[in-house]
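Under my numbering, think of the first position of the sequence shown as 544, with each following residue one higher.
Working notes, structure below.
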Amino acid sequence: MVDQSGYGKSGKKGPSGRSYRNATGLTRQPKKMRGRKVSSQRWLTRQLNDPFVAQAKARGFRSRAALKLEQIDDRYQLLQSGMAIVDLGCAPGGWLQVSSIRTKLGASRARLVGIDLLETEGIVGANIFVGDMTNCNMLEKVRSAIGGAANGVLSDMAADTTGHRATDHLRTTALLEAALDFALDILNPNGFFLAKCFRGGAEKSLLDIMQRNFKMVRHVKPAASRLESVESYVLASGFHGRGCAEDIAVDIAVGRRDASGALII
Ligand SMILES: C[S@@+](CC[C@H](N)C(=O)[O-])C[C@H]1O[C@@H](n2cnc3c(N)ncnc32)[C@H](O)[C@@H]1O
């Protein structure tokens, strides 16, 4: 017998199944709950009731995340025909799909490169690398794939969550820092950087670096990013360009960069 009462074997009211659906007003429920952890029951229930999941599926997107990029781009018009875009943490490929459409990949000079630890199904005309974006050879691989600098660096990278808030926060911040470092190394003057961060925004030290290197820095939370999620995005646009020698000298002096000018993470 499957216990879907939400009260569990002990007879005490638990947080799963019906009680979760009632509390959240979610009306559709997964057919098979047997053997699933409470967290996965909740995830499935949320997925089934989420209009953005349905919309992403109906439009052939590989991920619900695709809609987040679309919404941010609708508002800020970042992705333009012919641009060179790098997508860090690209699997399963939703952001690649949106980027390829909006840059008119294949019908313009556009170039698109994705990197992920996991395999990503191909996108016609895009270069996708499997590996850790923090590997030192990744920057050169991407540079040669796009033939130089990029107009935009996207990062929807997320580390596996542990459930321990401080640890998860540190991991997400480390990925944001690595993505920013990558962007500063590969962006064209006037390029943009869009990356996932935690609610409460990016760390002050990272914001300082962004503010010094870009004209405009803002936090964005698209409608498709769940309100209850700690996820948010930081958008930095109008890159001043590399070789901002004074900034680099300041960073080296305060220990933010090593003597070679590389950001210390
Ligand atoms: C939320 S998913 C990205 C979803 C993607 N934007 C889409 O629309 O399909 C986050 C991805 O970041 C990747 N990731 C995490 N750390 C990474 C790293 N150091 N290097 C490359 N990819 C990484 C994960 O493997 C995962 O696939």
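Positions of the beta carbon are idealized from the N, C-alpha and C atoms, including for glycine.
Bear in mind the structure is a predicted one, so any value in this text is a computation, not a measurement.
If you keep only unbroken alpha helix (DSSP H) runs of at least 4 residues inside the region 632 to 716, you get 637 to 645 and 681 to 689. Contact fails between the region 755 to 771 and the region 694 to 705, because fewer than three Cβ pairs, one in each stretch, are under 8 Å apart. If you draw a 10 Å sphere on the C-beta of L719, you find 16 or more other C-beta atoms in it, and that means buried. In the three-state reduction of the DSSP assignment, S606 falls in the coil class. Counting only the Cα atoms, R579 lies some 23 Å from R708.
Partner residues in the beta bridge of K739, as assigned by DSSP, are Y776. The Cβ atoms of Q640 and F672 do not sit closer than 8 Å to each other. Cβ contact annotation for G625 (same chain, cutoff 8 Å, sequence separation greater than five): T646, K647, S651, R652 and A653, in chain order.
In this structure, G632 has its beta carbon less than 7 Å from a heavy atom of ligand 1. Secondary structure at R799: coil, using DSSP grouped into helix, strand and coil. Setting aside the 5 residues that flank it on each side, V596 is surrounded in the same chain by Q590 and R607, each with a C-beta closer than 6 Å to its C-beta; the list follows chain order.
Looking at the DSSP output, H762 bridges to V777. Approximately 18 Å separates the beta-carbon atoms of L750 and M700; this is outside 8 Å, ruling out the contact.
Around the beta carbon of R618, a 10 Å sphere encloses fewer than 16 other beta carbons of the protein chains shown; the residue is thus reported as exposed. No residue range can be given for Q623, since it is assigned to no alpha helix (DSSP H) and is classified by DSSP as neither H nor E.
Relative to ligand 1, A669 has its C-beta separated by 7 Å or more from all heavy atoms. Ligand 1 never approaches P765 closely enough for any of its heavy atoms to be under 7 Å from the residue's Cβ. Its Cα nearest to that of I729, the residue G690 stands out among K764, A702, R769 and G690. In the three-state scheme derived from DSSP, where H, G and I count as helix and E and B as strand, A721 is classed as helix. For S748, the uninterrupted alpha helix (DSSP H) run begins and ends at K747 to N756, by DSSP.
Going by DSSP, A601 is part of the alpha helix (DSSP H) stretching over P594 to A601. For M759, the Cβ stays outside the 7 Å cut-off from all heavy atoms of ligand 1. Residues of the same chain with a CB within less than 6 Å of the CB of H783, apart from the 5 flanking positions on each side, are N756 in chain order.
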